[in-house]
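Colleague: Residue numbers (my numbering): 36 to 408.
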């Protein structure tokens, strides 16, 4: 299987066109895409799946974009799902979105975000069941959306999105495999939805035990954030746990915030967040639990804000995890970094190494994986 390419953010070439950079890992070469539509630079990418990018435009309307063919497929508005009340421009000419939400006590609040914060606030992830061109322009799109991380789906040919009425929001990841949707909740539940018929039907609702690992017990919440992913690999469903050091020094060690100040200087050291560790588990349906996996064999995983992938390819590092930045809550907190957290983790060596270089620690928007089709 061909490895996915890494798509870097667009650079403006003119008022109507942009230029994009693609990194081909297999050939270790960079390719420039010119004359991409301006909407690519102005929109917000919320997913990458089956060779297509899922975008929200400045009016928060989703669409699919194939960067290789520049083909665009418009999707219905999701404004009603997100309770958007107004979209306007600020004094700097940037679009801002006003929306309402309810807190856990049922009280209603009004909030405002810029379009660059859409993924953090609105659509956390969006994936496709297949390429729209694979089944005569038919496919399903599923997204995790809103402050409560609920599920919604769209089937091509329909006029609107529909809620997927799962019982276990907040959801943290979704995966399509053989036209079934696997949805993982923060509470450890997995829901399996069958999309073969006209309306999705929930086939399984599993409460899985997850004991973690003894080593992971020492990765404290004060020093680490945790992200989880679902991946299909060789017929198995994998749960990959990513540990991100909240503040990591130049030696690659996580530090406490109080340690950033030196006695001689009142200005804190700049220590961006960085991924330091991964653990992989396999779903045992019979026992109803996750089993830790020490090796991926010849497989390589690709993780980030994309539809997670597992491939076997002799021209890239096997038994490894290539990852990119998807820490949306902290990506825009500092002008010195954000979008920078990418590398390759070896399950054999248990170390993270860079697989490419970028001239800045600030990459906005962050790069994304895209599978050529």
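Virtual Cβ for every residue (Gly too), placed ideally from N, Cα, C. Keep in mind it's a predicted model, so treat the numbers as computed, not measured.
In the DSSP assignment, what are the bridge partners of residue 123?
Modeller: Note: residue 123 sits in a beta bridge opposite 131.
Colleague: Output the distance between the C-alpha atoms of residue 360 and residue 344, rounded to the nearest integer angstrom.
Modeller: The straight-line gap from Cα to Cα measures roughly 15 Å.
Colleague: With 16 other CB atoms within 10 Å as the buried threshold, where does residue 287 fall?
Modeller: Answer is exposed; the Cβ neighbour count stays below 16.
Colleague: Just the Cα atoms here: how many angstroms apart are residue 201 and residue 183?
Modeller: Between residue 201 and residue 183, the C-alpha separation is close to 12 Å.
Colleague: Given this structure, state the Cα-to-Cα distance separating residue 403 from residue 342, to the nearest angstrom.
Modeller: Computed Cα separation, rounded: 10 Å.
Colleague: Taking residue 211 as part of the beta strand (DSSP E), name the residues at either end of that continuous run.
Modeller: Per DSSP, residue 211 belongs to the beta strand (DSSP E) from 206 to 212.
Colleague: Go ahead and label residue 160 buried or exposed: buried means 16 or more other beta carbons lie within 10 angstroms of its beta carbon, across all protein chains shown.
Modeller: Buried, since its Cβ has 16 or more Cβ neighbours within 10 Å.
Colleague: Have a look at residue 393 and residue 322 and give me their C-alpha separation to the nearest angstrom.
Modeller: Rounded to the nearest angstrom, the two C-alpha atoms are 45 Å apart.
Colleague: Between residue 80 and residue 89, what straight-line distance do the alpha-carbon atoms span, to the nearest angstrom?
Modeller: Each residue's Cα considered, the two are about 6 Å apart.
Colleague: Taking all protein chains shown into account, decide if residue 97 is buried (16 or more other Cβ within 10 angstroms of its Cβ) or exposed.
Modeller: So residue 97 counts as buried.
Colleague: Opposite residue 109 in the DSSP bridges: which residues?
Modeller: Bridge partners of residue 109: 98.
Colleague: Quick one: using the 10 Å Cβ neighbour count with 16 as the cut-off for buried, is residue 66 buried or exposed?
Modeller: Residue 66 should be labelled exposed.
Colleague: Please return the same chain residues whose Cβ sits closer than 7 Å to the Cβ of residue 114, not counting the five positions on each side in sequence.
Modeller: Closer than 7 Å at Cβ, skipping near neighbours: 95.
Colleague: Looking at the structure shown, is residue 293 part of a helix, part of a strand, or coil, going by DSSP?
Modeller: DSSP places residue 293 in helix when its eight states are reduced to three.
Colleague: Ignoring anything shorter than 4 residues, give me the alpha helix (DSSP H) runs that lie fully in the segment 232 to 285, in order along the chain.
Modeller: DSSP runs (the alpha helix (DSSP H)) wholly in the segment 232 to 285: none.
Colleague: What's the call for residue 255, buried or exposed, on a 16-neighbour Cβ count within 10 Å?
Modeller: Counting Cβ neighbours within 10 Å, residue 255 comes out exposed, since fewer than 16 surround it.
Colleague: Would you decide whether residue 327 is buried or exposed? Buried here means 16 or more other CB atoms lie within 10 Å of its CB.
Modeller: It is exposed - the Cβ of residue 327 has fewer than 16 other Cβ atoms within 10 Å.
Colleague: When you compare the CB positions of residue 387 and residue 338, do they come within less than 8 Å of one another, or not?
Modeller: Cβ atoms of residue 387 and residue 338: not closer than 8 Å.
Colleague: What do you get for residue 167, buried or exposed, if any count of 16 or more other CB atoms within 10 angstroms of its CB means buried?
Modeller: Residue 167 comes out buried.
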